[in-house]
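Chemist: Numbering (our numbering), first residue to last: 4 to 260.
C-beta atoms are modelled at their ideal positions from N, C-alpha and C, and glycine is treated no differently.
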Amino acid sequence: MQPIPFKKQLDNYGPFILLVLFVVAIWESAVRLYWIPAFILPAPSAIGIALIEHRQLLGQHLLATLQEILVGFVLSVICGALLGTGMFLFRPLEKAIYPFLIISQTIPLIALSPIFIMWFGYTLWSKVAVVFLTAFFPVVVSTYDGLRTSGQAYKDLLLTFGANRWQLLAKTQIPLALPSFFSGLKLSIVYCVIGATIGEWLGGSKGLGYFSRRMAGNMQSDEMFAAVFLLSALGVMLFLMIALLEALFLKKRGSNR
């Protein structure tokens, strides 16, 4: 992959960077001029100081949250891709399962988290269960929709050469479904951060969600916002990693979006 020229990067992200700098400057000035109480919204500089002062403790909680995210994400990708493919291949399975998938998205995760704590205790798996349920739906739907909307022309061409159902799946339907599948993964990985935070907030003993809840209870807004910043940065980093993987994989297969 050739590096993107600096000028093109500046054209793409320059306005965003300028807007961020402008917002941070206004935010910092508003707090320093006492327009906004620091205990409600701490200044960016105070959040940066909290990140430095508590870097070791925040790092430990960050690793705990990352473990929950990765375990839940991997499970959701494996199970979601298999179920989405099965729904595409077997129409009765799609008719039986799809309504349950929709219903599962109407149940608030806050209501389910105490149930998982009752089942799994205050362990890693109670948080992984929340992450899994959060991330599972986008993977299933993106896999199923990608396979269902794969090119009919390629399918007809291979059928004229005597291809069977599994050859069609491997040669055309799966490759053409990859853009949709990766779109689902990018949504899923962001939802994983949200799910892990909810699980830790309601029933955790470690992780950035637990840390932010403890800091909020102690009215330590600098530290609480530092944890929120790390959660946001973690979500962005994981999203960019999936986007990079998508670019590399689709370029290798010669897929155009």
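Note down, in chain order, each residue of its chain lying with its Cβ closer than 8 Å to the Cβ of residue 204, except the 5 sequence neighbours on either side.
Modeler: Exclusion of the five residues before and after residue 204 leaves 212, 213, 215 and 216 as the residues of its chain whose Cβ lies within less than 8 Å of its Cβ.
Chemist: When the distance is taken between beta carbons, is residue 130 closer than 7 Å to residue 311?
Modeler: Since the first residue shown for the chain is 4 and the last is 260, residue 311 is missing from the structure and cannot be characterised.
Chemist: If you draw a straight line from the alpha carbon of residue 149 to that of residue 24, how long is it in whole angstroms?
Modeler: 39 Å
Chemist: State whether the region 97-111 contacts the region 186-194, with contact taken as three or more CB pairs (one from each stretch) at a distance under 8 Å.
Modeler: no
Chemist: Do the CB positions of residue 68 and residue 199 come within less than 7 Å of each other?
Modeler: yes
Chemist: Among 42, 49 and 15, which residue has its Cα nearest to the Cα of residue 27?
Modeler: 49
Chemist: What three-state label does DSSP hand residue 101 in the structure shown?
Modeler: helix
Chemist: For residue 230, collect the residues of the same chain with a Cβ closer than 6 Å to its Cβ; drop the 5 residues on either side in sequence, then sort them by chain order.
Modeler: 211, 214 and 215
Chemist: Check whether the region 90-106 and the region 131-151 are in contact - that is, three or more C-beta pairs closer than 8 Å.
Modeler: yes
Chemist: Assuming residue 227 contacts residue 219 (C-beta within less than 8 Å), just tell me the rounded distance between them.
Modeler: 5 Å
Chemist: Between 38, 35, 59 and 185, which lies nearest to residue 241 when the distance is taken from Cα to Cα?
Modeler: For the residues 38, 35, 59 and 185, the minimum Cα distance to residue 241 belongs to 185.
Chemist: Run through DSSP, which three-state label would residue 109 get?
Modeler: coil
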